[in-house]
Amino acid sequence: MNPRLACLALLALPALGGCLAKTAVDVVTAPVRVASGAVDLATTSQSEADEKRGRELREREERLGRLARDYDRQIARCQDGNRNACNEASNSWAEMQNLRAGLPQEPGRD
0 MNPRLACLAL
10 LALPALGGCL
20 AKTAVDVVTA
30 PVRVASGAVD
40 LATTSQSEAD
50 EKRGRELRER
60 EERLGRLARD
70 YDRQIARCQD
80 GNRNACNEAS
90 NSWAEMQNLR
100 AGLPQEPGRD
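Quick note: the sequence shown uses numbering that gives the first Met the number 0, first residue 0, plus one each step.
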């Protein structure tokens with residue numbers, strides 16, 4: 000073997016040892032990193048929970064608004080003698096009450 004090549008091989012050994020050690024550390028810590036990533040994906044942050052709650056409230060309020068408009072039309076038809084409209088108005092009113100029960104109360108409203 001060439002003495003120069005032997006010297007180069009000896010000089011390269013410490014560098015290769017570092018690469019092997021880094022690879023070993025990466026292999027050992029990979030499951031931990033994967034598991035922590037899965038936990039991050041599975042949990043909901045507070046801001047995400049707040050956004051979801053706000054979206055649900057807006058959807059309820061929008062539904063309540065549509066029901067109120069329907070109720071007004073149904074009451075008008077009921078007063079004109081449409082018995083079916085009276086039943087629809089009663090059903091709309093009941094659904095409105097259920098939706099209102101799930102909405103937060105405005106401050107100062109008792």
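Cβ atoms here follow ideal geometry from the backbone N, Cα and C, with glycine treated the same way.
Check, Outcome
"Count the other CB atoms within 10 Å of the CB of L66; is the residue buried (16 or more) or exposed (fewer)?", "buried"
"If I measure Cβ to Cβ from E87 and keep anything under 7 Å in the same chain, skipping five residues before and after, which residues do I get?", "Q73"
"What residue does the alpha helix (DSSP H) around G53 start on, and which one ends it?", "45-78"
"Measuring alpha carbon to alpha carbon, tell me which of V33, Y70, E61, P103 ends up nearest A93.", "Y70"
"I need the DSSP call for E94, collapsed to helix, strand or coil.", "helix"
"So what does DSSP say about E105, is it helix, strand or coil?", "coil"
"Work out the CA separation of R54 and T28 for me, nearest whole Å.", "39 Å"
"Using the rule of at least 16 other Cβ atoms within 10 Å of the residue's Cβ for burial, across every protein chain shown, is S44 buried or exposed?", "exposed"
"Taking the alpha-carbon positions, what's the S91 to P30 distance?", "54 Å"
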